[in-house]
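Residues in the sequence shown are numbered from 1 upward in steps of one, following the UniProt record's numbering. This report refers to the structure that appears directly beneath it.
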Amino acid sequence: MSFRGNCVICTDYFDVETDISVTPCGHLFHALCLNTWLTTNSGKKTCPQCRTHISMKQIVGKIYLNLPHEEKDDLDPYMLKNKLDEIQLSVRNHEKEKSELRDNLKVLEGVKDTLKKQIAKLKQKLTEEKNNLEILKDNMNGMMGEVSEARLCKAETKKLRQKLRTLEKLEVVLNGQQKDVDEMIQQYSGGTQSNGTKQLATFCVAMKQEYEVLKESKSKLNIDLMKVRRDLHKKEDILLQKMNQIEELENSNANLTSHEESLLQENKSLKHKLKALQLAISSPSDTKSSAVSRLIAESPAP
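Below is the structure:
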């Protein structure tokens, strides 16, 4: 039940269900409203209506009103007015909250679109990095084949060098025999030649012919050796370049692997944020507000 008169602090009408306090100057207020007024005022305590200086001891905390009893079914216009004001305030608060939630939803939709675009870009970048990694692996395999070929050339060159040293030793031996044969022929050329001398001369001629053949073969081998040495020098240069390129590719491969892991972690983080965003959109208003604030703070600027 209510009666005519209202609290100037909250502007609601008085009713018997709410405690009413009175100041020394005679003004009535809701007990809760007056207590809040006096405790939040850091200066001198004054009456909210006439500004008369008062103290907490002077206030009558609760007054008791004798009002005529009314039927329970009678409608009290002042009580209805208070309830109507409360309902209207609640409606305004709900409308305000609804508007804020709509604004937050728009922000979340923008964040969601931004996260989707970032995830798409990261997926594309990850695909490109994987393709680059495959190309580098193919190049590395090709260079490993060239390195194997260069090693084979090096082994073949080593064999040719050993063969050349053998031919050089044989040349020394043949040169020594050639000198001995020439002296022998000069010694026996003035006298009568016996069958043994003829055989010796024939053998020497055969040896000389064989020597010429070996000499010519040596010349060809020297030419081939020079070619092989030049080719070996080129192969060694190529081998050195390939080894450097392999080292660079291995370093690049390590960097790409590290970068790929970083992209995967970032992609995982963005997916987690997107999932949290979707949960925040479908969650109740109180949980949504905290989730929205957290996601807006964590999300990158659009």
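Positions of the beta carbon are idealized from the N, C-alpha and C atoms, including for glycine. Keep in mind that this is a model prediction, so the values were computed, not measured.
When the Cα atoms are used, what is the spatial distance from residue i to residue j?
i           : j      : result
Glu156      : Asn255 : 37 angstroms
Leu136      : Met143 : 10 angstroms
Cys25       : Asp103 : 49 angstroms
residue 303 : Lys81  : Coverage of the chain is limited to positions 1 through 302, which leaves residue 303 absent and any answer about it impossible.
Asn131      : His272 : 26 angstroms
Pro302      : Thr127 : Bear in mind that a pLDDT of 43 at Pro302, under 50, signals an unreliable position, so the number given afterwards is only what the model happens to contain. Pro302 and Thr127: Cα-Cα distance of roughly 24 angstroms.
Cys10       : Ala276 : 42 angstroms
Gly110      : Glu261 : 28 angstroms
Glu71       : Pro77  : Any answer about Glu71 is weak, because its pLDDT of 47 lies below 50 and its placement is not dependable; what the coordinates show is given next. Their backbone Cα atoms lie some 14 angstroms apart in a straight line.
Lys154      : Leu232 : 6 angstroms
Arg229      : Arg161 : 9 angstroms
Arg151      : Leu167 : 25 angstroms
residue 306 : Leu279 : No statement about residue 306 is possible, as the shown extent of the chain runs from 1 to 302 and does not include it.
Lys218      : Glu236 : 25 angstroms
What would DSSP say about residue i, mapped onto helix, strand or coil?
i      : result
Asn6   : strand
Ser55  : coil
Asp113 : helix
Asp85  : helix
Thr11  : coil
Leu214 : helix
Asn255 : helix
Asn66  : coil
By DSSP's criteria, residue i is part of a beta bridge. Which residues make up the other side?
i           : result
His30       : Ile20
Thr39       : Answer is none; Thr39 lacks a bridge partner.
Val60       : Val22
residue 330 : Nothing can be reported for residue 330, as the shown portion of the chain is limited to 1 through 302.
Problem set entry | Three CB pairs or more closer than 8 angstroms across the stretch 264-272 and the stretch 105-120 | Counting Cβ pairs under 8 angstroms, three or more are found: they touch.
Exercise. Does the count of Cβ pairs from the stretch 14-33 and the stretch 95-109 closer than 8 angstroms reach three?
Worked result: By the criterion of at least three beta-carbon pairs nearer than 8 angstroms, the stretch 14-33 is not in contact with the stretch 95-109.
For this session: Entirely within the stretch 105-170 and at least 3 residues each: give me those beta strand (DSSP E) ranges in chain order.
Result: Correct list: empty.
Exercise. Are the stretch 40-55 and the stretch 17-24 in contact at 8 angstroms, needing three or more beta carbon pairs?
Worked result: yes
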